[in-house]
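Chemist: Structure in C-alpha cells, see below.
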Amino acid sequence: EVPLKGKCRDEICQSGRFRVSSQEDQTFTVWKDFRITFEDHRTRATAKAKQTIQKCELSDEQKATMDAAQQIDTMVQCMDEQVKQTIAETEEEIAYQANVRVDMGYDLTKYACLDGANVTLTPSLNNMTWSYRHPTTGKKKPHFVQTPFDTFESTATLIDQFITGAQCAALERHAVTVDNPDNGNGPQQHVPLTAKQDTEVVEILLKLQNVVESVVDRQISFTQEPLMVLHSFQSKVTSDGEQCTDGQGGDGAIDTPDSIMELQQSPPNAVGSVTLFCTSTDGAVHYPKSGVHIPGATSVGRALVVAHNEPHEETGLDDYMGEYVFCRPQTPNGEFKVFTFHFN
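In my numbering, the protein residues as written are 3 to 346.
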C-alpha cells in the first residue's frame, strides 16, 4: 500500500503477496483489506465439483429411509443430471460465441475488401522453408513458407515464388468458358483435363503435388474435371472513383454489391484447396469465418494451400476455411486473376 498524503489507511501500510504458477487462466483479486484470492482452471473445476456434490447431498430423512445402495444410486442419478445440465450450458455458450464470431466475420468482410490499403496479409503463426527439385534440370530451389492459420479443423499455408508469369499464361491459354457449371455460380472459365498434354502445365501439377504432399501431408491426383478454375476480375471502379454496381453478389450471408466481392464455397467434403495468385494490381482472397486475408498485389506468384482437417458432419464444409471471398480490384483499371483447384 502506498501512503496517501503521508498516511496509509488504518495507519498501517499493508502489503499482499501472490505467486504466478504454470496453470492456465489465472486470476488474482486484491481486496480493499489487501486479502488476495486466486483462481485458475483447476480451482474453478474443483469449486464446480464441490457445488455439484452439495446440490446432491442427501437429506437426513433420505439417509434414514434408504440403504447404502439406494443412497449411492440416488446421488449418482442426481450428479448425472447436474453434469448434463452443465454440458448443455457450456454447449449453448460455445454455440453463441461461434455465431458471434461468424456474424462479425461477415460484417467485416466488406471493409476488408474495400480497405485494401490498410488490410494487410494475415501474420504468420510460424515460418519454414520448402525446397523443390526441378524434375528436368535437377536444380533445387528453396521457397519461403508462411502459416497464417492453423487449427485442429483447418490449416492455411502460403508458399512464395511458386508459379511464374509464363506458367500462369500457360494455364490461361487452356481456359474455356463454361456457361452452366455444376456449382451454379454462373459462367466460369475452366481449365480442362486436356491441358495435362502441355508440358508447362505438367510441370505446375508436379510441383503442386509435391507441395501438397510435403507441406500438408495430403495425397492428390488430377483426374476430375475441371482441372482448375480461372477467376478473373476487372475493376468496376471508374476513373473518378465511383462504383459500377450491377446487382447483389452471392446467395450466402454476405449481402453486398458484386462490384466489391464474390462469395465462394469449397465443395462439400473436400480435403483441401489450392489458390494460385497470377495477376493482381489489387484485390484479395478473404476468409470471413477465420479472418484470414491474402492481398493479391503482394502475393503474385504465391500458392495458398488450405487443408480441411475436420469438415462439419452435416454440411461437409470446413467451419473456418470452407467459405471464402474474392475481393474485386478497387483501383481504376485494376485486375485480379487466380486459379483454384480443390482436391478430395
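Ideal placement from N, C-alpha and C gives every residue a C-beta, glycine not left out. On a predicted model such as this, the values are computed, not experimentally measured, just so you know.
In chain order, what residues of the same chain have a beta carbon less than 6 Å from the beta carbon of residue 302, not counting five sequence neighbours either side?
Modeler: Residue numbering aside, residue 302 sits at position 300 when the sequence shown is read from its first letter. Result list for residue 302: 279 and 282, in chain order.
Chemist: Can you give me the Cβ contacts of residue 36 inside the same chain, cut-off strictly under 6 Å, excluding the 5 residues immediately before and after it?
Modeler: Along the sequence shown, one-based indexing puts residue 36 at 34. Residues 16 and 18 of the same chain have their beta carbon placed closer than 6 Å to that of residue 36, with the five preceding and five following residues left out of the count.
Chemist: Could you check where the beta strand (DSSP E) with residue 129 kicks off and where it finishes?
Modeler: Here residue 129 refers to the residue found at position 127 when the sequence shown is read from its first residue. Segment 129-135, the beta strand (DSSP E) holding residue 129.
Chemist: If I measure Cβ to Cβ from residue 163 and keep anything under 7 Å in the same chain, skipping five residues before and after, which residues do I get?
Modeler: By 1-based counting over the sequence shown, the position of residue 163 is 161. Once the five neighbours on either side are set aside, the close Cβ partners of residue 163 are 145 and 303.
Chemist: So, residue 194 versus residue 178, is the Cβ gap smaller than 8 Å?
Modeler: The residue you call residue 194 lines up with position 192 of the sequence shown. The residue you call residue 178 lines up with position 176 of the sequence shown. Closer than 8 Å, so yes.
Chemist: With H, G and I counted as helix, E and B as strand and the rest as coil, what does DSSP make of residue 176?
Modeler: Your numbering for residue 176 matches position 174 in the sequence shown. DSSP places residue 176 in the coil class of the three-state scheme, outside both helix and strand.
Chemist: Around the Cβ of residue 154, are there at least 16 other Cβ atoms within 10 angstroms (buried) or fewer (exposed)?
Modeler: In the sequence shown, the residue the question calls residue 154 occupies position 152. Residue 154 comes out exposed.
Chemist: How would you label residue 230, buried or exposed, when you count the other beta carbons within 10 angstroms and need 16 or more for buried?
Modeler: Taking the sequence shown and counting its residues from 1, one reaches residue 230 at position 228. So residue 230 ends up on the buried side.
Chemist: Could you tell me the alpha carbon to alpha carbon distance between residue 173 and residue 197, rounded to whole angstroms?
Modeler: Along the sequence shown, read from residue 1 onward, the residue named residue 173 stands at position 171. Along the sequence shown, read from residue 1 onward, the residue named residue 197 stands at position 195. Cα-Cα distance, rounded: 8 Å.
Chemist: Return the CA-CA distance between residue 152 and residue 324, expressed in angstroms with no decimal places.
Modeler: Along the sequence shown, one-based indexing puts residue 152 at 150. Along the sequence shown, one-based indexing puts residue 324 at 322. Distance between the alpha carbons of residue 152 and residue 324 is about 14 Å.
Chemist: Please report how far the alpha carbon of residue 295 lies from the alpha carbon of residue 149, in whole angstroms.
Modeler: Taking the first residue of the sequence shown as position 1, residue 295 is located at position 293. Taking the first residue of the sequence shown as position 1, residue 149 is located at position 147. About 12 Å.
Chemist: Answer yes or no: do residue 340 and residue 176 have a C-beta to C-beta separation smaller than 8 Å?
Modeler: Counting from 1 along the sequence shown, the entry for residue 340 is found at position 338. Counting from 1 along the sequence shown, the entry for residue 176 is found at position 174. Cβ atoms of residue 340 and residue 176: not closer than 8 Å.
Chemist: Using the three-state DSSP reduction, which class does residue 41 fall into: helix, strand or coil?
Modeler: As a working mapping, residue 41 is identified with position 39 in the sequence shown. Note: residue 41 maps to strand in three-state DSSP.
Chemist: So what does DSSP say about residue 152, is it helix, strand or coil?
Modeler: Within the sequence shown, residue 152 is the residue found at index 150, counting from 1. Reduced to three states, the DSSP call for residue 152 is strand.
Chemist: How big is the Cα-Cα spacing for residue 306 and residue 160?
Modeler: As a first step, residue 306 is located in the sequence shown; it is residue number 304 there, counting from the start. As a first step, residue 160 is located in the sequence shown; it is residue number 158 there, counting from the start. Cα-Cα distance, rounded: 5 Å.
Chemist: Pair every Cβ in the segment 311-324 with every Cβ in the segment 268-278, then say whether three or more of these pairs are closer than 8 Å.
Modeler: yes
Chemist: Helix, strand or coil, according to DSSP, for residue 116 in the structure here?
Modeler: Numbered from its first residue, the sequence shown carries residue 116 at position 114. Helix.
Chemist: Could you check the C-alpha separation between residue 60 and residue 42 for me, to the nearest Å?
Modeler: Counting from 1 along the sequence shown, the entry for residue 60 is found at position 58. Counting from 1 along the sequence shown, the entry for residue 42 is found at position 40. Take the alpha-carbon of residue 60 and the one of residue 42: they are about 30 Å apart.
Chemist: Can you name the start and end residues of the alpha helix (DSSP H) that residue 265 belongs to?
Modeler: To locate residue 265, count along the sequence shown from 1; it is residue 263. From DSSP, residue 265 is part of no alpha helix (DSSP H) but of the beta strand (DSSP E) over 263-267.
Chemist: Taking only three categories from DSSP, how would you classify residue 55?
Modeler: Within the sequence shown, the letter at position 53 stands for residue 55. Residue 55: helix per DSSP, three-state reduction.
Chemist: Any contact between the segment 50-60 and the segment 82-95? By contact I mean 3 or more CB pairs, one from each, below 8 Å.
Modeler: yes
Chemist: In whole angstroms, what separates the C-alpha of residue 201 from that of residue 136?
Modeler: Locating residue 201 in the sequence shown gives position 199, counting from the first residue. Locating residue 136 in the sequence shown gives position 134, counting from the first residue. The straight-line gap separating the alpha-carbon atoms of residue 201 and residue 136 is approximately 13 Å.
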